[in-house]
Amino acid sequence: MAARVKIPTQLRAATGGVSEATVEGETVGDVLDGLFDQFAELRERISDEHGGLRRFVNVYLAGEDIRFLDGIATSVPDGAELTILPAVAGG
Amino acid sequence: MAAEKLKCKECGSEYPLVALYVCDRCFGPLEVSYGAPIDADDVAALRRRIQAGSGDMWRYADFLPLAGGAPGPSNHRASRAGVPAGWTPLVRAERLAERLRLREVWVKNDSANPTHSFKDRVVAVASARARELGFAALACASTGNLGNAVAAQAAALGLPSYVFIPADLEEQKVLATGIYGTNLMTVRGNYDDVNRLCTELSAEHDDWAFVNINMRPYYSEGSKTVAFEIVEQLGWELPDRIIVPIASGSLFTKVHKGFREWIDLGLVTGREPVMHGAQATGCAPVANAFAAGQDFCQPVKPDTIAKSLSIGNPADGPYVLELARRTGGSVDAVSDDQIRAGIALLAETTGIFTETAGGVTVAVLEELARRGEIDPDERVVLLITGDGLKTLDAVRGSFRAREIDPTVDSFDETLARAAA
Chain G
1 MAARVKIPTQ LRAATGGVSE ATVEGETVGD VLDGLFDQFA ELRERISDEH GGLRRFVNVY
61 LAGEDIRFLD GIATSVPDGA ELTILPAVAG G
Chain C
1001 MAAEKLKCKE CGSEYPLVAL YVCDRCFGPL EVSYGAPIDA DDVAALRRRI QAGSGDMWRY
1061 ADFLPLAGGA PGPSNHRASR AGVPAGWTPL VRAERLAERL RLREVWVKND SANPTHSFKD
1121 RVVAVASARA RELGFAALAC ASTGNLGNAV AAQAAALGLP SYVFIPADLE EQKVLATGIY
1181 GTNLMTVRGN YDDVNRLCTE LSAEHDDWAF VNINMRPYYS EGSKTVAFEI VEQLGWELPD
1241 RIIVPIASGS LFTKVHKGFR EWIDLGLVTG REPVMHGAQA TGCAPVANAF AAGQDFCQPV
1301 KPDTIAKSLS IGNPADGPYV LELARRTGGS VDAVSDDQIR AGIALLAETT GIFTETAGGV
1361 TVAVLEELAR RGEIDPDERV VLLITGDGLK TLDAVRGSFR AREIDPTVDS FDETLARAAA
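Respectively, the protein sequence lines represent chains G and C.
1 is the number of the first residue of the first sequence in our numbering; add one for each residue after it.
1001 is the number of the first residue of the second sequence in our numbering; add one for each residue after it.
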């Protein structure tokens, strides 16, 4: 299983400018771990000290917030698109 | 008080005053940070300077993050001043207070802004800063009121604009936005989908000022002016309590910041007001977290008539929870029926017709009064953020008009029948 992960501009300094990566993994957590293997610096930017996501990080699987699915345990279909975005208040 | 830098609210990292909104290091939100407060001896002079200022929110330009101060005639750019926002009425609501068995209730009627909601304040600051930074267009993700304000401001300033709203919004808000000649996109999805899309788009269009995304640190500061006005209109005094509607939570945190800044400067003395947040039961991620004693918000899928508050994933939620608890306040939620009743109660007792968000705020005040949480001697301010003409469906069928022939007899008979 491989997912395409879209990386927001704010994190591209940690990926050498790369905006999209293909990562293997069964679940969102696996995919993120795979992503951190490729770009080690990303881990501390979006993960908290307990291995969860920091509170202002939103992750979407095919446009749906993973908190409406099974969080980082959500299974990732082959070829799915995972998007990482900063939480931003609106109105 | 000059703006000096942007600072991450989570980790404290500092950035220059440009169009950034997220900390590169920890993804936390950035906020404008100002230089050291002026000397306390200057307080009287500062008050006089404010009072001699313009009759709109630019009288508070000293406390806003604009390098060039207030846009407008003072710098010979009158045509570039945009729509004048702020300095809306603060009215004593005696009959509302009586109905709720409270002593002193005031209504800050922010529907008296140019596009009939408080959003004109935040857009005024964001668009003025966008011009200073050389942006070519204004844009926003909106639950309706913000779209109104951005479209109007862009028209006034002669800038192109792009407004993104959920496709199921109230017709009044759609019509009152499109008329300004904006590029209006109705997105198949809820506000949180619109917000996600715009967050992605803002990275693709770096010459657009998305007022509530890349301009967010400047935009949100505009909400402080509500607090400044309340203090000034109360004769340089603080309210004991304030009820604020919550969508993303930004208004709530910035109203508090406004009070705090003026207390710190010595412009007003007293205790921080107790802060109450108001949500609809059909979209209550912050009220749910408050009730559960959590410090984070589990997102929800909104389902309420209060569409201007329909943000299921409120980014400022954690800060709202912290402030509500610290000031001894709360975050409460009310049903759609309570919201309709709240709209009617405010209209009948004050002559102010508010949209559904205002109904939420009034209904929460009723709840607090009923629970006995408000000491009858306290001074309470109710923040009414938008006009009832924006959400007419909410009041449809709530009263009956009587059709008569154009004769005195017909009128007399009908009135007698109605009274019977």
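For every residue, glycine included, the Cβ atom is placed at its ideal position computed from N, Cα and C.
In this structure, G/Thr22 and G/Leu42 do not form a Cβ contact; the two beta carbons are roughly 15 Å apart against a cut-off of 8 Å. For C/Trp1208, the three-state secondary structure derived from DSSP is strand. Below the 8 Å Cβ cutoff, chain C contributes Pro1299, Lys1301 as neighbours of G/Phe68, in chain order. Shown here, C/Asn1214 sits in coil according to DSSP, grouped into three states, outside any helix or strand. Nearest C-alpha to C/Glu1348 among C/Asp1337, C/Val1122, C/Val1408, C/Ala1093: C/Ala1093. When the beta-carbon positions are compared, C/Ala1315 and C/Ser1248 come within less than 7 Å of each other. At a cut-off of 7 Å, the C-beta of G/Phe39 has no neighbouring C-beta in chain C. Restricting attention to C/Thr1414, C/Ser1335, C/Thr1354, the CA atom closest to the CA of C/Val1364 is found in C/Ser1335. Not flagged as an interface residue toward chain G: C/Thr1186, since no C-beta distance is shorter than 7 Å.
Shown here is that no member of the region 1333-1361 of chain C has a Cβ falling below 7 Å from a Cβ of chain G. Rounded to whole angstroms, the separation of the alpha carbons of C/Ile1263 and C/Gly1035 is 16 Å. Around the beta-carbon of C/Phe1399, fewer than 16 other beta-carbon atoms lie within 10 Å, marking it exposed. Residue contact check for G/Val57 against chain C: a CB pair falls below 7 Å. Taking 7 Å as the cut-off, the beta carbon of G/Leu82 is found closer than this to the beta carbon of G/Val5.
Using a Cβ distance threshold of 7 Å, C/Met1057 and C/Thr1225 count as a contacting pair.
Within the region 1311-1332 of chain C, those residues whose Cβ lies closer than 9 Å to any Cβ of chain G are, in chain order, Ile1311, Gly1312, Asn1313, Pro1314, Ala1315, Asp1316, Gly1317, Pro1318. CA-to-CA, the gap between G/Pro77 and G/Glu26 works out to about 8 Å.
Spatial neighbours of C/Val1083 in its own chain (CB-CB distance under 7 Å, excluding positions within 5 residues in sequence) are listed in chain order as Pro1114, Asp1120, Ala1152, Gln1153, Ala1156. Two segments are said to touch when three or more pairs of C-beta atoms, one from each, lie closer than 8 Å; by this definition the region 1127-1143 of chain C touches the region 1199-1219 of chain C. For the region 1282-1296 of chain C, residues whose beta-carbon sits nearer than 7 Å to a beta-carbon of chain G comprise Phe1296.
For the C-beta of C/Pro1273, not a single chain G residue is nearer than 8 Å; the gap to the nearest is close to 21 Å. Interface criterion not met: the Cβ of C/Thr1225 is under 7 Å from no Cβ in chain G. Listed in chain order, the non-local C-beta contacts of C/Gly1329 below 6 Å within the same chain comprise Val1274, Met1275, His1276, local neighbours out to five positions each way being set aside. The three-state secondary structure of G/Gly71, taken from DSSP, is helix. C-alpha of C/Phe1135 to C-alpha of C/Arg1129: approximately 9 Å in a straight line. Looking at the backbone, the Cα of C/Leu1159 and that of C/Arg1131 are separated by about 10 Å.
Residue environment for C/Val1018: exposed (fewer than 16 other C-beta atoms within 10 angstroms of its C-beta). Between the alpha carbons of C/Gly1068 and C/Pro1029 lies a gap of roughly 24 Å.
For C/Asp1024, a Cβ of chain G is located within less than 7 Å of the residue's own Cβ. Listed by position along chain G, the residues whose Cβ is nearer than 9 Å to that of C/Tyr1162 form an empty set, because the closest Cβ is around 15 Å away. Burial is judged here by how many other beta carbons sit within 10 angstroms of a residue's own beta carbon; C/Ser1410 has fewer than 16 and is exposed.
The Cβ atoms of G/Val59 and G/Ile66 lie closer than 7 Å to each other. Taking 7 Å as the CB threshold, G/Arg54 lines the interface with chain C. Around the C-beta of C/Gln1294, fewer than 16 other C-beta atoms lie within 10 Å, and the residue is accordingly described as exposed.
Contact of C/Thr1182 with chain G is not assigned, every C-beta pair being separated by 7 Å or more. Residue-level contact check: C/Thr1199 touches chain G, since one or more beta carbons of chain G fall below 7 Å from its beta carbon.
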